[in-house]
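Protein chains: 2
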Amino acid sequence: AVAGSARAEGNPEVKWRLTSGFPKSLDTIYGAAEVFSKYVSDATEGKFQIQVFAAGEIVGTFQAADAVKQGTVEMSHTAGYYYVGMDPCFAAGAAVPFCLNSRQQNAWLYHGGGSELYNAFLAKHKIYSLPGGNTGTQMGGWFRKEIKTLEDLKGLKMRIAGLAGQTMAKLGVVPQQVPGGEIYPSLERGTIDAAEWVGPYDDEKLGFYKVAPFYYYPGWWEGGLSLHFFINTDKWAELPPHYQAIVTAAAAAANVDMLAKYDAKNPKAIQSLVAAGTQLRPFSTEIMQACYAAAHELYAEISATNADFKTLIDSIIAFRDQEYLWFQVAEYSYDNFMIRGRKK
Amino acid sequence: AVAGSARAEGNPEVKWRLTSGFPKSLDTIYGAAEVFSKYVSDATEGKFQIQVFAAGEIVGTFQAADAVKQGTVEMSHTAGYYYVGMDPCFAAGAAVPFCLNSRQQNAWLYHGGGSELYNAFLAKHKIYSLPGGNTGTQMGGWFRKEIKTLEDLKGLKMRIAGLAGQTMAKLGVVPQQVPGGEIYPSLERGTIDAAEWVGPYDDEKLGFYKVAPFYYYPGWWEGGLSLHFFINTDKWAELPPHYQAIVTAAAAAANVDMLAKYDAKNPKAIQSLVAAGTQLRPFSTEIMQACYAAAHELYAEISATNADFKTLIDSIIAFRDQEYLWFQVAEYSYDNFMIRGRKK
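Note that the protein sequences, when read in sequence, are chains S and H. The opening position of the first sequence corresponds to residue 1 in my numbering, with each subsequent residue numbered one higher. The opening position of the second sequence corresponds to residue 1 in my numbering, with each subsequent residue numbered one higher.
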C-alpha cells in the first residue's frame with residue numbers, strides 16, 4: 001500500500017526498448033511489435049513509450065532472449081525456438097514439429113496451462129512471456145529438385161534450424177545455418193539444395209522461386225508458430241498494475257491481428273508465385289510419416305535428460321491429441337467441404 | 001483543442017452498461033464480455049467501469065441492437081445475425097452460411113475491409129462495432145431421427161433462425177423460433193424434430209443427447225461465428241481517445257481469448273457426449289450441396305433489393321474464394337495429416 005500510494009495517479013512516463021527478432025522486411029511479423037507498441041502508447045496518452053528496434057539494431061535475433069535476461073533491453077518480440085541453443089524448452093511455447101496449429105496454440109497457451117508452464121521455465125531466465133502473434137501453418141520451403149522418397153533426403157543440404165533441423169538430420173538431411181539475406185545466393189550457387197523461410201507473402205519478396213522452383217507443403221515443423229513478447233521479469237514487476245493490464249491486452253490484440261494480416265496477404269501471394277512458375281508439391285506420405293516418427297524420437301531423447309522439456313512436450317502432445325479428436329468433426333469437415341465438396 | 005483541454009488528464013470516471021445477447025449459462029460466450037470489461041477496468045485503474053448484464057436483465061437478446069441504437073445502454077456484446085429482422089446486413093459481420101471460417105472472419109474483418117463495410121452499414125443504426133469473439137465452426141444440431149437425403153428434410157420442424165432458417169426453408173424445412181430454455185422439452189415432446197444450438201461444450205449442459213441422439217456436423221451456417229461489441233456511436237465519440245484505444249485492444253483481446261476457451265473446452269465435451277450415447281453424423285454430400293446452392297440463391301434474392309447486403313456479401317464471397325485457395329495448401333494439408341495421416 002505504501003509503494004502504491006507513492007506512485008503518481010494516472011499514467012506515469014515510462015520508456016522501454018523492444019528488440020524484434022525480425023528484420024523490417026518481414027513487415028507482418030515485425031509489424032506486430034509496432035501494432036503492440038502503438039496500442040500501449042495510445043492507451044496511455046503517449047506516456048508509456050515502447051520503441052521497436054529491428055533485429056541487429058541493438059542485438060541480433062539470436063541474442064534477443066539473452067538481452068532481455070540481462071536487462072540490456074526491457075523486452076523483445078521474437079520466436080522462442082531461436083533460443084534452443086540455450087535450452088530446447090524455449091521452442092515449446094513457439095512451435096515444435098507435428099504439434100499444434102495456430103488455434104490450438106492459443107488454446108493451449110491461454111486456456112490449456114501452456115503459458116503457465118512456459119513462464120515457469122522462462123522465469124529461470126528472468127523472462128515473462130505473452131503470446132504475441134502467429135503465422136498459421138508455414139510452408140515447407142523451396143527445393144531445387146523434387147524430393148519424393150526418403151532416399152531423396154539423404155545428404156540434402158537444407159537451411160533449417162532448431163528441432164526441425166535435428167528431426168531432419170535423423171533422416172540424413174544436413175541442416176545449414178544461413179541468414180535470411182544469404183539464402184537466395186546460396187540456393188542459386190547450389191551451396192544449399194533447399195531452404196525454409198515462412199510462407200507465400202514473405203517468401204515471394206525474396207524471389208526464391210527463380211532458383212528453387214519446388215515449393216513444398218506443409219511446414220510440419222510449424223503447424224502454427226506463436227511469436228511471443230519476452231519481458232524482463234524485474235522490469236515487468238516495476239510496472240504499475242494498470243500498465244501490466246494494458247501490455248497484456250495489447251499483446252493479445254497484436255496476437256490476433258498478426259495472424260489476420262497473414263491470412264489476408266497470403267492468398268494473393270500464393271497465386272502470384274504459381275503464376276510466376278512456382279511448382280507446388282505436397283510432401284509425400286512416406287516422408288511425412290518418417291519425419292513424424294523422427295520428431296517423436298527426438299522428444300523422447302531430449303526428455304530423458306531435460307525434465308522441463310518433458311513437462312512441456314508431454315503437456316503439448318496430450319493437448320494436441322485431444323484437440324484433433326474435436327477438430328476433425330466440425331472444423332475439418334467444414335473446411336473440407338469448402339475446399340473440395342462444393343466444387344462438384 | 002478546447003474540448004480536449006477541458007478534460008481531466010489521466011483516467012476520468014466513466015460508467016457504462018453492456019447488455020449481453022447471451023445467458024450466463026453460456027459461460028464462454030457470455031464470459032467474453034466480462035473478460036473485456038475486466039481488461040478495460042484494469043487498464044484504467046478501475047476508472048472506466050463497464051457493467052455486464054445477461055440477456056433479459058435490461059433487454060432481451062433480440063432487443064440488444066435497438067437498445068444500443070436508442071442509447072438505452074452504451075453497448076452490447078452479441079451476434080449480429082440476431083437482428084436480421086431489422087436488416088439482413090446485420091448477419092454479414094457475424095456469420096452467413098457457407099462463408100468464412102474463424103480465421104478468415106478475422107482476416108476479412110481486420111484486414112480485408114470487412115469491419116469498414118460492416119460499420120458503414122451499422123452507422124445507419126448509430127452502432128459502431130468491434131469484433132469480440134468467435135465460436136469456431138459450430139455443430140449442425142440435434143436430430144431425433146437420422147436425415148440422409150433431401151427427402152428427409154421435407155416438413156422437418158427445426159429450431160433454426162435467420163439466413164440459415166431461410167436457406168433450410170427452401171429445401172422444405174419448417175424453421176421454428178424456440179428460446180434456449182424450451183428446446184429440450186420441445187424435442188422431448190416432439191413439438192420440434194431438430195434444434196441447433198452451439199457446439200459440444202454448450203450443448204452438453206442442456207442434455208439434448210437424451211431426447212435427440214443424432215448430432216450432425218458441420219454447422220455450415222456458422223463456419224466461424226464472430227461476436228461483436230456494438231457501441232452507440234454518440235457514446236463512442238464522447239470517450240477520450242485513450243479510452244477508445246483501450247476498448248479497441250480489450251475487444252481484440254476478448255476476441256482471441258473466447259475462441260481459445262472454446263477450443264480448450266470442446267474436446268472433452270465431445271468425448272463425453274459420445275460416451276453418453278450421442279451418435280455423430282456428417283451431413284450427406286447431397287444435403288450439403290443442396291444447402292450450398294440454396295444459400296447462394298438466397299443471397300442473390302436479398303441482393304436484388306438490398307444494395308448494402310449486396311456490397312457486403314459480394315465482398316465476403318470474393319474474399320472466401322481467395323482464402324480457400326490458400327488454406328487448402330499448408331493449413332488444410334497439415335490438419336489432414338494430423339487427423340488422418342499419422343495414424344497409419
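Just so you know, even glycine gets a beta-carbon here, dropped at the ideal spot from N, CA and C.
message = Contact criterion: CB-CB distance below 8 Å. Does Q289(H) meet it with respect to chain S?
response = Yes, Q289(H) counts as interfacial toward chain S.
ask   = Using a Cβ-Cβ distance under 8 Å, would K15(S) count as near chain H?
value = Answer no: the Cβ-Cβ gap between K15(S) and chain H never drops below 8 Å.
Runs of beta strand (DSSP E) wholly within the segment 142-203 of chain S (minimum 3 residues, chain order) = Complete beta strand (DSSP E) runs here, min 3: 157-159, 174-176.
task = Could you tell me the distance, in whole angstroms, from the CA atom of K310(H) to the CA atom of T248(S)?
result = If you take the alpha carbons of K310(H) and T248(S), they lie about 39 Å apart.
ask   = Hey, how far is the Cα of G165(S) from the Cα of T137(S)?
value = In a straight line, the C-alpha of G165(S) is about 17 Å away from that of T137(S).
ask   = So what does K15(S) bridge to, in DSSP terms?
value = BP columns for K15(S) point to Q49(S).
message = For a cutoff of 8 Å on Cβ pairs, would you count V329(H) as touching chain S?
response = V329(H) counts as touching chain S.
query = Out of V52(H), P88(H), T305(H), which has the shortest C-alpha to C-alpha gap to V73(H)?
reply = Nearest option by C-alpha distance: V52(H).
request  = Compare the C-alpha of G350(H) against each of T19(H), S25(H), P131(H) and name the closest.
outcome  = The first residue shown for chain H is 1 and the last is 344, placing residue 350(H) beyond what the model contains.
Where the segment 23-50 of chain S meets chain A: residues whose CB sits under 7 Å from a CB there = You won't find chain A in this structure, because its protein chains are S and H.
Any non-hydrogen atom of the ligand MG closer than 7 Å to L156(S) Cβ = Looking at this structure, you won't find the ligand MG or any other ligand, since it has none at all.
inquiry  = Along the segment 94-122 of chain S, where does the CB come closer than 8 Å to a CB of chain H? Name the residues.
reply    = The residues in question are F98, N101, S102, R103, Q104, N106, A107, W108, L109, Y110, H111, G112.
message = Please state the DSSP three-state secondary structure of G207(S).
response = Here DSSP, grouped into helix, strand and coil, assigns G207(S) to coil.
request  = Can you tell me the Cβ-Cβ gap for V35(S) and F230(S), rounded? I've got them flagged as a contact below 8 Å.
outcome  = At roughly 17 Å, the Cβ-Cβ gap does not stay under 8 Å, so V35(S) and F230(S) are not in contact.
ask   = If you drop the 5 nearest sequence neighbours on each side, which residues of the same chain put their C-beta closer than 6 Å to that of D193(S)?
value = Contacts found: R144, L156, K157.
message = Please classify K15(H) as buried or exposed, where buried requires at least 16 neighbouring CB atoms within 10 angstroms.
response = Exposed.
ask   = With distances taken from CA atoms, which of A123(S), D335(S), V40(S) is nearest D321(H)?
value = Relative to D321(H), the option among A123(S), D335(S), V40(S) whose CA is nearest is D335(S).
query = Using 8 Å as the limit for Cβ to Cβ distance, is F337(S) near chain H?
reply = Closer than 8 Å: yes.
request  = Just the C-alpha distance for Q176(S) and T285(S), rounded to the nearest angstrom, thanks.
outcome  = One C-alpha to the other measures close to 24 Å.
Residues that Q271(H) contacts on chain S, provided the C-beta gap is smaller than 9 Å = The answer, in chain order, is Q322, L325, W326.
ask   = For E238(S), does the count of other Cβ atoms within 10 angstroms reach 16, so buried, or fall short, so exposed?
value = Counting C-beta atoms within 10 angstroms of its own C-beta, E238(S) has fewer than 16 neighbours from the protein chains shown and is therefore classed as exposed.
ask   = At which residues does the alpha helix (DSSP H) containing Y299(H) begin and terminate?
value = Unbroken alpha helix (DSSP H) run through Y299(H): 285-305.
request  = Determine the extent of the alpha helix (DSSP H) in which T233(H) is found, giving its start and end residues.
outcome  = It spans 233-238 - the alpha helix (DSSP H) in which T233(H) sits, taken as one unbroken run.
request  = Compare the Cα-Cα distances from F22(H) to each of G85(H), T61(H), C99(H) and report the closest residue.
outcome  = That would be T61(H), whose Cα lies nearest to the Cα of F22(H).
message = My output table needs one value for P213(H): the three-state DSSP class, helix, strand or coil.
response = In the structure shown, P213(H) falls within a coil segment according to DSSP collapsed to helix, strand and coil.
ask   = Which residues in the same chain as D257(S) place their Cβ atom closer than 6 Å to its Cβ, once the five residues preceding and following it in sequence are excluded?
value = Excluding residues within five positions, the ones whose Cβ falls inside 6 Å are V35.
Exposure label - S25(H); buried when at least 16 CB within 10 Å = For S25(H), the number of other beta carbons within 10 angstroms of its own is below 16, and it is reported as exposed.
ask   = Is it buried or exposed for L18(S), if we count other Cβ within 10 angstroms and need 16 for buried?
value = When all chains shown are included, L18(S) counts as buried.
ask   = Taking E204(S) as the reference, which of S272(S), T44(S), Q63(S) has the closest Cα?
value = Per the Cα distances, S272(S).
task = Kindly indicate which three-state DSSP category P23(H) falls into: helix, strand or coil?
result = Three-state result, P23(H): coil.
query = Would you call the segment 181-189 of chain S and the segment 108-123 of chain S touching, i.e. three or more CB-CB distances under 8 Å?
reply = At 8 Å Cβ cutoff, the stretches do not touch.
key: T135(H) vs Y262(H) beta-carbon contact at 8 Å   = Yes, they are a contact pair.
ask   = Is the distance from the Cβ of H228(H) to the Cβ of T28(H) below 8 Å?
value = No; because the gap between Cβ atoms is not below 8 Å, this pair is not in contact.
inquiry  = Am I right that S20(S) and A54(S) are in contact with their C-beta atoms under 8 Å? What's the rounded C-beta distance?
reply    = At roughly 6 Å, the Cβ-Cβ gap stays under 8 Å, so S20(S) and A54(S) are in contact.
ask   = Where does N101(H) sit, in a helix, a strand or coil, going by DSSP?
value = Residue state, collapsed to three classes: coil.
Cβ neighbours of E222(H) in the same chain (closer than 6 Å, five flanking residues each side left out) = Correct list, in chain order: A95, Q138.
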